[in-house]
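In terms of the working numbering, the sequence shown is numbered consecutively and its last residue is 1287.
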Amino acid sequence: MDSKTRRLRSLASVGRWEKLLLSVSVVFLSLQSLLAESYLNKRVRLTVKDSGAQVVGVVVKETEVGDLSIQLSSGGSVTYKRDQIGKVEVLKPPAEEFAERARKCKSADDWVELAKWCVLEDVNLPEKRKQCLEQALKLNADHEGAHRELRHIKVNGKWMDEEEGNKALGNELVDGKWVSKAEAERLRRVKEEREKKRALRGYEQFETERLGKDWAIVAPITTRYCILKCNSTEKVAGYYKDVVDAIFSEYKKYLDEKKYPGLFSEKGRIFIFRNHQEFMDFTLAEPGMGGYVAFHDNAVRAYHGSFGVNEATETTLSHEICHTLQRRMIQNMESGPRWLIEGMATYYGDGAKVSRNKVELCQISQQRLQWLQHSIDTGMYTSFRNVLRQPPPFPGGFYSNAWGVIYWCLKGRELKAHNGEGEAIWNAYFDHVCKDMPPYSENFMAYMGNIQKEAEVFESLVLKHYPSFDAWEEKFKQFVMKLPLESMGDWKGRNLWVAKKPVEISIQFPQGFDQVKPKDLLLDIQEATAVQTPDRKARISLFLTANWLETMDEKKIGPMARSFVRQYFRIVESESDDEEEEEEPKVEGYKGNPGVLVVQFKFKGKYAKRKMHEVGGRGQPAKPGSKEKAEKTEKSEKDKRPAVTPVDYNQVQTVKTAIYFSNDRVFFVFLAAPEAEFVKKEALFDRMIESGVTFDFTQKR
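As structure tokens, this is what we get:
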């Protein structure tokens, strides 16, 4: 055997020994791993090698190399590598360890110490803690440590629980802490002042805006589409400049400039008054008007502030700008059909979503749809034949009918209500109105004759697609009733109602009341939301409207509030031949809230009763002198009434209301019920008013 062969054999021998050694090592390590204690699912105290910190918890994961994951009593978990772990002690379960410690307790001090151990984070035995303290007091009824742990207070040598003891000392609970009466009063003043400043930010801002400046020093603002003058602040004027341009830009998507040359080339004129009172003084407009377009100059006149239930200057501008554009499309607009002129502006503008630089037209107007569905649902719907023939003035309720018909025409195919017939009817009729209107005639009979002819033109267009006008109208009503009626707010759970913008109010209604569906709200008092008892005897309603007074002065608010309550909750026809002089409703008193004022009224007897019939729709009060007419109507319309009406106001004997005023809106919260039911619910209502109504009136632009 040569040297080379011997060397190869030697190397092979070494390789065999190394493999054998490696195998033995693996077996040894495996055996060691098997012999090592497993900590999985055990409660341990782990000491971290470098810091010496100790961690107590249950091992939920253990690797072969010794890494440990520990679930902490706080809910989280932590993982340590084997080289980070210094010492691991296996602990007994807390209950078992407690039993051992308890056996060693001899004195009251021992039991108090054990009670303290029970609340350690890694122990968490609150019930055992209570038992320990009770045991300590059995051994020593005056043990101060045990009483302190139970948060007892010693008053005149007697130990009392925390609430009883603090009340005995004259202390008050403020924000979860017991403080002296003087300190409680100081903290309340600080909190009220802080909340008042926060709540009044919007009011102070609005006051600055409504004071504005005189027209003589207001410079016009020229925009892409209009010339605007606004005598509020420069900031407000700049805001409306952007809003108006955004509205005009949006209208360009819907109106054909090629068909109507120059439709957007002529700059419109917009005047926005700094407040509602000035708008009325200058234009002689009534409080219910949010704005208008004058025929003589085709200019929009509006004001800075709220309008109606949930509308404001922005929606008024969306509506009125449509009128200025109609003026450029329709020849002889003065003689045009009122339903088309107002319905078209309502279709495009009412319900529009408007922000500074973004506008969405043609949105469903919640108020228009609610009124229309309500009239159909209660059998008080007015046939569109009558709407077509309505001379000026055009009733506010007919705006809803006109809006609905135009919505059916232009949105019906999209919503699968027709196959394009609506668009054909609208396009043909609108073209006719734009081109074929005769000049306006001051002769009333001639004017009425034109209205009749226009009604017949529209009816003839409908009959091109439907066998009869009644058949079309039935389909139209079915379409309306299927449209989604969006509430002014959202229910968060069963009892909390939160309004949508721009109204910033929420109400936590009492338990035991059912939500009233949007279509069942009382339109004559413009309910935003309401709840009622299952038997429908008691009802709590939220009504809101614009603050036409633009004030929070209680001297002005009182008469306005009394006037409102007398209008909606009193007898409007005498029940006897004896004319009794009306008593002045008594105001129980003013109650201040940060940023708002609350006026509470309570009416009994005749101020709470109310005659109701179907002449003007559900909830409309009877007109003086219409008793016979009402009786005839009641008999003839009996079958048209809904099966159930929310709260029979003829049975209402007591009404209580809290009235909240902000810078731009007024909120009435009513409780109406017969006397016996009222007594049961009044305390719930008062608690709701004190703590369940919240506001945010800060202006957001």
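Glycine included, every Cβ here is placed at the ideal spot set by N, Cα and C.
In this text the structure is predicted, and so the values were computed from the model without any measurement.
Is it true that the CB of residue j sits closer than 8 Å to the CB of residue i?
{"i": "V646", "j": "S655", "result": "yes"}
{"i": "M584", "j": "Y846", "result": "Since the displayed the chain opens at 587 and closes at 1287, residue 584 lies outside it and no answer follows."}
{"i": "R942", "j": "D1121", "result": "no"}
{"i": "L958", "j": "W925", "result": "no"}
{"i": "S921", "j": "N1029", "result": "no"}
{"i": "C812", "j": "R774", "result": "no"}
{"i": "T964", "j": "S951", "result": "no"}
{"i": "N627", "j": "V644", "result": "yes"}
{"i": "I962", "j": "V1066", "result": "yes"}
{"i": "F1253", "j": "T1243", "result": "no"}
{"i": "L700", "j": "C718", "result": "yes"}
{"i": "M809", "j": "D831", "result": "For the record, residue 809 in the displayed sequence is Thr; it is not Met. Contact: yes."}
{"i": "N884", "j": "Y1026", "result": "no"}
{"i": "G874", "j": "T902", "result": "no"}
Does DSSP classify residue i as helix, strand or coil?
{"i": "I927", "result": "helix"}
{"i": "V973", "result": "helix"}
{"i": "A768", "result": "helix"}
{"i": "D1272", "result": "helix"}
{"i": "Q956", "result": "helix"}
{"i": "Y1246", "result": "strand"}
{"i": "F1099", "result": "coil"}
{"i": "G950", "result": "Checking the sequence shown, residue 950 turns out to be Ile, not Gly. It is coil, neither helix nor strand."}
{"i": "A701", "result": "helix"}
{"i": "S624", "result": "coil"}
{"i": "Q1038", "result": "helix"}
{"i": "V1279", "result": "strand"}
{"i": "S986", "result": "helix"}
{"i": "K1267", "result": "helix"}
{"i": "K939", "result": "strand"}
{"i": "Y1033", "result": "helix"}
{"i": "T633", "result": "strand"}
{"i": "V945", "result": "strand"}
{"i": "L1049", "result": "helix"}
{"i": "A1014", "result": "helix"}
Out of curiosity, what's the CA-to-CA distance linking residue i and residue j?
{"i": "G1278", "j": "A898", "result": "26 Å"}
{"i": "G983", "j": "F868", "result": "27 Å"}
{"i": "A732", "j": "K690", "result": "18 Å"}
{"i": "F859", "j": "M866", "result": "9 Å"}
{"i": "I807", "j": "E790", "result": "26 Å"}
{"i": "E769", "j": "L1270", "result": "30 Å"}
{"i": "F834", "j": "G1098", "result": "49 Å"}
{"i": "L620", "j": "L723", "result": "At L620 the pLDDT is 40, less than 50, meaning the model places this residue with poor confidence; the figure from the coordinates comes in the next sentence. Going by the C-alpha atoms only, they are around 51 Å apart."}
{"i": "E650", "j": "S624", "result": "10 Å"}
{"i": "N972", "j": "A1259", "result": "38 Å"}
{"i": "V991", "j": "R999", "result": "13 Å"}
{"i": "S851", "j": "H1004", "result": "35 Å"}
{"i": "V1117", "j": "A880", "result": "43 Å"}
{"i": "V1043", "j": "T968", "result": "19 Å"}
{"i": "K777", "j": "K944", "result": "39 Å"}
{"i": "G1191", "j": "K1123", "result": "In this prediction, G1191 has a pLDDT of 48, which is less than 50 and means its spatial position is unreliable; what the coordinates show is noted afterwards. Straight-line Cα distance between these residues: approximately 16 Å."}
{"i": "I1245", "j": "E1113", "result": "14 Å"}
{"i": "Q1038", "j": "E836", "result": "34 Å"}
{"i": "E946", "j": "L1108", "result": "29 Å"}
{"i": "E1072", "j": "A639", "result": "59 Å"}
{"i": "E720", "j": "V698", "result": "9 Å"}
First and last residue of the beta strand (DSSP E) that includes residue i?
{"i": "L1128", "result": "R1125 to A1132"}
{"i": "I1091", "result": "I1091 to Q1094"}
{"i": "R860", "result": "Note, R860: premise wrong, no beta strand (DSSP E); not H, not E."}
{"i": "M746", "result": "K744 to M746"}
{"i": "E675", "result": "I671 to L677"}
{"i": "E648", "result": "Q640 to E648"}
{"i": "F980", "result": "Looking at the DSSP string, F980 is not in any beta strand (DSSP E), and its letter there is neither H nor E."}
{"i": "S659", "result": "Counting along the chain, S659 falls outside any beta strand (DSSP E), and DSSP gives it neither H nor E."}
{"i": "K740", "result": "I739 to V741"}
{"i": "S693", "result": "Taken as a continuous stretch (DSSP letters only), S693 belongs to no beta strand (DSSP E), as it is neither H nor E."}
At what residues does the alpha helix (DSSP H) containing residue i begin and finish?
{"i": "W1058", "result": "F1055 to K1068"}
{"i": "W1077", "result": "No alpha helix (DSSP H) holds W1077; the beta strand (DSSP E) holding it covers G1075 to K1078."}
{"i": "I907", "result": "T899 to M915"}
{"i": "L725", "result": "P712 to L725"}
{"i": "F1254", "result": "Element bounds for F1254: not the alpha helix (DSSP H) but the beta strand (DSSP E), R1251 to A1259."}
Contact the segment 902–911 vs the segment 1001–1012: 3+ CB pairs below 8 Å: Per the Cβ contact rule, the segment 902–911 is not in contact with the segment 1001–1012 (fewer than 3 Cβ pairs under 8 Å).
Inter-stretch contact (C-beta, 8 Å, three-pair minimum) for the segment 813–821 and the segment 848–863: As far as the Cβ criterion goes, the segment 813–821 touches the segment 848–863, which means the pair count is three or higher.
Stretch-stretch touch, CB-based, cutoff 8 Å, three pairs: the segment 710–727 with the segment 677–690: Touching, per the Cβ criterion.
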